[in-house]
Amino acid sequence: MKALLSVYNKKEIELIGISLSEAGYEIISTGGTYNSLNKAGVPVQ
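Numbering-wise, the sequence shown is residues 1 to 45 according to my numbering.
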């Protein structure tokens, strides 16, 4: 399964990303959202 994340307000996006990743989702993201997730150690493309 894949999830596309692209949000304006990045508050707590790391928690969402971690939850989706742990549930088996492959996370795809854009720009700043990618940076936030990547910094938090969430595997993201």
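Using N, Cα and C, we set each Cβ at its ideal position, and we do this for glycine too.
Just so we're clear, the structure is a prediction, and the values are computed from it rather than from any experiment.
Nearest-angstrom Cα separation, counted from Met-1 out to Gly-24: 7 Å
Glu-22 vs Ala-40 beta-carbon contact at 7 Å: no
Integer-rounded CB distance, given that Gln-45 should sit under 8 Å from Ile-16: Contact flag wrong, Cβ pair sits at about 16 Å.
Cα-Cα separation, Tyr-75 to Asn-9: This structure cannot settle anything about residue 75, because the visible part of the chain is limited to 1 through 45.
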